[in-house]
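One structure is given below, encoded as structure tokens.
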Amino acid sequence: MRIGASTYSREPFPKQVDEVREAGFDYVELDLTWITWEPEKLRSEADALAKRLPIKTAHLPPSQFHQADLARFVGFIDALAPVGTEVFNAHFLEARSAPRIAPQAKTSWLSDLVDAATDRDVVVTVENVDEPPDVLRKVLDAVPDLRYCLDVGHAHLDKRTDGARKYLDVLGDRLGLAHIHDNHGGQGEAGDEHLPFGQGTIDLERDVTALRNRGYEGYATLEIFKGIPDDKKACLRKMRRWTRP
């Protein structure tokens, strides 16, 4: 398993990437949520960052599932695929500013995004936010080249103590990315704390061991947005220990 760390796009990327590199991570995940750059500027920035540490995964912004977003996301892929980014993660949940959209319409939109990604030899994953596993199973069945991102923190919101294992059981055959972080099992956005390991209530060793026991050898991004750099280093040490054969 290759272990990376996420950036946060409201903070300067170079400092974050240097911290991730110095901590010993294998790669960095580029957060695109708040990026408004043109593709040329993003490509230039990413090219410089990739010389510091490989950018293997990227997190697309929440979508409104219209054609303008599709074009923008394909622009992100065109900017980052040439610097080595292999996995582009998306949400099935609409952006907060968007009206509620029918699942069939979102699935069709994702199919178009996946087609564009496949043409460029990269992968799109869809991440669980608050959807139950059976909803995402229908999406994956409808879009054969779409992969799944298991977000362990999200799976345990709303006091779902077996959440990650349940999602893994239903969706693990399509796993293409994992996001690992801790929380206290609260509700919704307020409960999604993105804490270092051990500062919440999730049994992360159990969930990471379940990933390892499935034979997963792909990318696992630590999405930790609280604490200090030493906290990420400690979490990386735990991940190395838990994923050791």
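In our numbering, the protein residues as written are 2 to 246.
Don't be surprised by glycine CBs; every beta carbon is placed ideally from N, CA and C.
Note that the coordinates shown come from a computational prediction; the quantities given were computed from them, not determined experimentally.
Between Glu46 and the rest of its own chain, which residues show a CB-CB distance below 8 Å, the 5 nearest in sequence each way excluded? The count along the sequence shown starts at 1 and reaches residue 46 at position 45. Once the five neighbours on either side are set aside, the close Cβ partners of Glu46 are Phe14, Trp38.
Backbone secondary structure at Leu169 - three-state DSSP: Position 168 of the sequence shown holds residue 169. Here Leu169 sits in helix by DSSP.
Pairwise C-alpha distance: Phe77 and Val84: Here residue 84 corresponds to residue number 83 of the sequence shown, with the count starting at 1. Here residue 77 corresponds to residue number 76 of the sequence shown, with the count starting at 1. Taking the CA atoms as reference points, Val84 sits about 12 Å from Phe77.
Check whether Asp208 and Arg166 have beta carbons under 8 Å apart: Residue numbering aside, residue 208 sits at position 207 when the sequence shown is read from its first letter. Residue numbering aside, residue 166 sits at position 165 when the sequence shown is read from its first letter. In this structure, Arg166 lies closer than 8 Å to Asp208 by Cβ.
What are the boundary residues of the alpha helix (DSSP H) that includes Ile4? For the purposes of this step, residue 4 is taken as residue 3 along the sequence shown, with counting starting at 1. Ile4 -> not in any alpha helix (DSSP H); beta strand (DSSP E) instead, spanning 3 to 7.
Is it true that the CB of Val18 sits closer than 8 Å to the CB of Leu43? Looking up residue 43 in the sequence shown gives position 42. Looking up residue 18 in the sequence shown gives position 17. Contact flag unset, no.
Could you check whether the Cβ of Asp142 sits closer than 8 Å to any Cβ belonging to chain B? Although the question refers to chain B, the structure presented lacks it and comprises just one protein chain.
In chain order, which alpha helix (DSSP H) runs of at least 4 residues are fully inside the region 3 to 82? You should have 14 to 24, 40 to 51, 68 to 81.
Beta bridge counterpart(s) of Tyr217 as assigned by DSSP: Within the sequence shown, residue 217 is the residue found at index 216, counting from 1. Tyr217 pairs with nothing; no bridge assigned.
By a C-beta neighbour count over all protein chains shown, 10 Å radius and 16 as the cutoff for buried, is Asp142 buried or exposed? As a working mapping, residue 142 is identified with position 141 in the sequence shown. Residue burial is scored here from C-beta neighbours: Asp142 has fewer than 16 other C-beta atoms within 10 angstroms and is therefore classed as exposed.
Taking DSSP's pairing of strands, which residues face Ala91 in a bridge? Position 90 of the sequence shown holds residue 91. Paired residues: Val127.
Using the Cα positions of Arg22 and Val127, report the straight-line distance between them to the nearest angstrom. The residue you call residue 22 lines up with position 21 of the sequence shown. The residue you call residue 127 lines up with position 126 of the sequence shown. Rounded to the nearest angstrom, the two C-alpha atoms are 26 Å apart.
Does the distance from the C-beta atom of Val115 to that of Arg138 stay below 8 Å? The residue labelled residue 115 in the question sits at position 114 within the sequence shown. The residue labelled residue 138 in the question sits at position 137 within the sequence shown. For the pair Val115 and Arg138, the CB atoms are not nearer than the 8 Å cut-off.
Inter-residue Cα distance where the pair is Asp48 and Asn184: Against the sequence shown, residue 48 aligns to sequence position 47. Against the sequence shown, residue 184 aligns to sequence position 183. Going by the C-alpha atoms only, they are around 34 Å apart.
In whole angstroms, what is the alpha-carbon distance linking Arg242 and Pro40? The residue you call residue 242 lines up with position 241 of the sequence shown. The residue you call residue 40 lines up with position 39 of the sequence shown. A straight line joining the alpha-carbon of Arg242 with that of Pro40 spans about 38 Å.
For the alpha helix (DSSP H) containing Arg245, name the first residue and the last one. Along the sequence shown, one-based indexing puts residue 245 at 244. Under the DSSP assignment, Arg245 falls outside any alpha helix (DSSP H); it carries neither an H nor an E label.
Could you compute how far the alpha carbon of Asp146 sits from the alpha carbon of Asp135? For the purposes of this step, residue 146 is taken as the residue at position 145 of the sequence shown. For the purposes of this step, residue 135 is taken as the residue at position 134 of the sequence shown. Note on geometry: alpha-carbon atoms of Asp146 and Asp135 lie some 18 Å from one another.
Please identify the residue among Arg245, Leu223, Lys227 whose C-alpha is closest to the C-alpha of Cys236. Position 235 of the sequence shown, counted from the start, is the residue given in the question as residue 236. Cα-wise, what sits closest to Cys236 is Leu223.
Just the C-alpha distance for Glu95 and Ser10, rounded to the nearest angstrom, thanks. Position 94 of the sequence shown holds residue 95. Position 9 of the sequence shown holds residue 10. Using only the alpha carbons, I get a separation of about 19 Å.
For Ile203 and His157, which I take to be in contact (beta-carbon distance under 8 Å), what is that distance rounded to the nearest angstrom? Locating residue 203 in the sequence shown gives position 202, counting from the first residue. Locating residue 157 in the sequence shown gives position 156, counting from the first residue. With 8 Å as the limit, Ile203 and His157 qualify as a contact, their Cβ atoms being about 5 Å apart.
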